[in-house]
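Quick note, the sequences are listed as chains Z and X, same order.
Each residue of the first sequence is one higher than the one before, counting from 1 in our numbering.
Each residue of the second sequence is one higher than the one before, counting from 99 in our numbering.
Quick reminder that beta carbons are idealized off the backbone N, C-alpha and C, glycines included.
Since we're looking at a predicted model, the values are computed, not measured.
In what follows, a structure is listed as structure tokens, so that the remarks can point back to it.
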Amino acid sequence: MQYKGLVACRAGVGSSLMLKIKLNQVIKEHDLPIKIEHGSLDSIMGFNGQVIITLSDVAKELKAKKLKQKIVGIDNIMNKIEIFDKLKKFLVEESTKE
Amino acid sequence: MLKDLTNEELVRLNIDAKNWQEAIRKSADALLQNGKITHAYIDAIIKAVQETGPYIVITKYVALPHARPEAGAIESAIGIATLKDPVAFGNKENDPVKYLFCLSAADNNSHLNALAELMDLLERKDFYELLDCAEKPSEIIDFIKNL
Numbered sequence: 001m002q003y004k005g006l007v008a009c010r011a012g013v014g015s016s017l018m019l020k021i022k023l024n025q026v027i028k029e030h031d032l033p034i035k036i037e038h039g040s041l042d043s044i045m046g047f048n049g050q051v052i053i054t055l056s057d058v059a060k061e062l063k064a065k066k067l068k069q070k071i072v073g074i075d076n077i078m079n080k081i082e083i084f085d086k087l088k089k090f091l092v093e094e095s096t097k098e
Numbered sequence: 099m100l101k102d103l104t105n106e107e108l109v110r111l112n113i114d115a116k117n118w119q120e121a122i123r124k125s126a127d128a129l130l131q132n133g134k135i136t137h138a139y140i141d142a143i144i145k146a147v148q149e150t151g152p153y154i155v156i157t158k159y160v161a162l163p164h165a166r167p168e169a170g171a172i173e174s175a176i177g178i179a180t181l182k183d184p185v186a187f188g189n190k191e192n193d194p195v196k197y198l199f200c201l202s203a204a205d206n207n208s209h210l211n212a213l214a215e216l217m218d219l220l221e222r223k224d225f226y227e228l229l230d231c232a233e234k235p236s237e238i239i240d241f242i243k244n245l
């Protein structure tokens, strides 16, 4: 299965763009079945994928909203190991859910 | 390209800042003085951090202060600032902050390549060494021009 992820932050022009660049590097290196979209927090309303990836502080705020998507918060956007581990965890959880 | 969005006027070295608010205001001042952002944009950055937390601290020692384009971004630009003494932003993973790259994004995409280049730099030890040792803004700008 191919999953859809949304990278978002408050403004949608800074941290989330950097995070998107890093995510795509990790996804490509490990050939993960996730396709990344990008936007500001406003774009969450119209997003129909399975996972929202953002900075940890923003993730805390989103988790309180009880969205249907899984929320993944990244602490250090330069840390590819952290990003890979968290994406892998999401994929494992999704595959055992079905 | 990063070299198109920054210049010597936007570099501030060894800023004296007592707390994170002052660090943001003083690093963003270079963009304000050069007509890249409005006062309201700086206030919006601080308000966003107060409301959401220090998510602009993106990796160890590094903050990327920025707000939404409509908050007062006049022209896309990236400022480069270093602090004399690091300050805590309340980000337990990445504190304290020593380097600030204040971003003005006047639209959503023209700065994408510049950000990608900046990310490559943030993985280079020699770039951090240069930020620590540089005495003049030109040293940093020359480095970026030669990428």
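Looking at the unbroken beta strand (DSSP E) that takes in residue i, where does it start and where does it end?
i: X/P184; result: 178–185
i: Z/A8; result: 3–9
i: Z/T54; result: 51–55
i: X/N112; result: 109–113
I'd like to confirm the pairing. Which residues does DSSP put opposite residue i in its beta bridges?
i: X/T157; result: X/V160
i: X/L201; result: X/I176
i: Z/H38; result: Z/V7
i: X/A171; result: X/I135
i: X/V195; result: X/V185
Which two residues bound the contiguous alpha helix (DSSP H) that contains residue i?
i: Z/K70; result: Segment 70–74 is the beta strand (DSSP E) holding Z/K70; no alpha helix (DSSP H) there.
i: Z/H30; result: 15–30
i: X/L245; result: First-last for X/L245: undefined, no H or E at that position.
i: Z/T96; result: 80–97
i: X/R123; result: 118–131
i: X/N211; result: 210–219
i: X/K101; result: 100–103
i: X/F225; result: 223–231
If distances are taken between C-alpha atoms only, which option among the options comes closest to residue i?
i: Z/G12; options: Z/T54, Z/Q69, Z/G73, Z/I81; result: Z/T54
i: X/L130; options: X/K196, X/K101, X/D183, X/V109; result: X/V109
i: X/A142; options: X/Y153, X/G151, X/H164; result: X/H164
i: X/Y159; options: Z/P33, Z/L41, Z/I77; result: Z/I77
i: Z/S16; options: X/S236, X/I154, X/H137; result: X/I154
i: X/Q119; options: X/G151, X/L111, X/K134; result: X/G151
i: Z/G49; options: Z/V7, Z/V92, Z/T96; result: Z/V7
i: X/K101; options: X/L228, X/N211, X/E227; result: X/N211
i: X/Q268; options: X/I176, X/D114, X/N189; result: Residue 268 of chain X lies beyond the range of chain X shown here (99 to 245); nothing can be said about it.
i: X/G133; options: X/K145, X/N112, X/L103, X/F187; result: X/L103
i: X/M99; options: X/D224, X/L219, X/S236; result: X/L219
i: X/S208; options: X/A161, X/A128, X/I176; result: X/I176
i: X/Y197; options: X/T136, X/Y226, X/K145; result: X/Y226
i: Z/C9; options: Z/K80, Z/H38, Z/K97, Z/S95; result: Z/H38
Using beta-carbon positions only, say whether residue i and residue j come within less than 8 Å of one another.
i: X/A126; j: X/L181; result: no
i: X/L245; j: X/E215; result: yes
i: Z/I71; j: Z/I52; result: yes
i: Z/I27; j: Z/I34; result: yes
i: X/E169; j: X/Y139; result: Here residue 169 of chain X is Ala; the residue named in the question, Glu, does not match the sequence. Yes, they are a contact pair.
i: X/V185; j: X/N112; result: no
i: Z/M18; j: X/L213; result: yes
Practice prompt. Determine which residues of the stretch 129–152 of chain X have a Cβ less than 7 Å from any Cβ of chain Z, and write them out in chain order.
Written response: A146, T150, G151, P152
Worksheet entry | Proximal residues, the stretch 215–227 of chain X versus chain Z, C-beta separation under 7 Å | M217, L220, E221
Discussion item. Along the stretch 68–86 of chain Z, where does the CB come closer than 8 Å to a CB of chain X? Name the residues.
Written reply: Shown in chain order are the members of the stretch 68–86 of chain Z whose Cβ falls below 8 Å from a Cβ of chain X: D75, N76, I77, M78, N79.
Item to complete: Check distances from the C-beta atoms of the stretch 162–190 of chain X to those of chain Z and list, in chain order, the residues that come in under 7 Å.
Response: L162, H164, A165, R166, P167
Worksheet entry | Chain-ordered residues of the stretch 30–46 of chain Z with a beta carbon less than 8 Å from chain X | From the stretch 30–46 of chain Z, only S40 have a Cβ closer than 8 Å to chain X.
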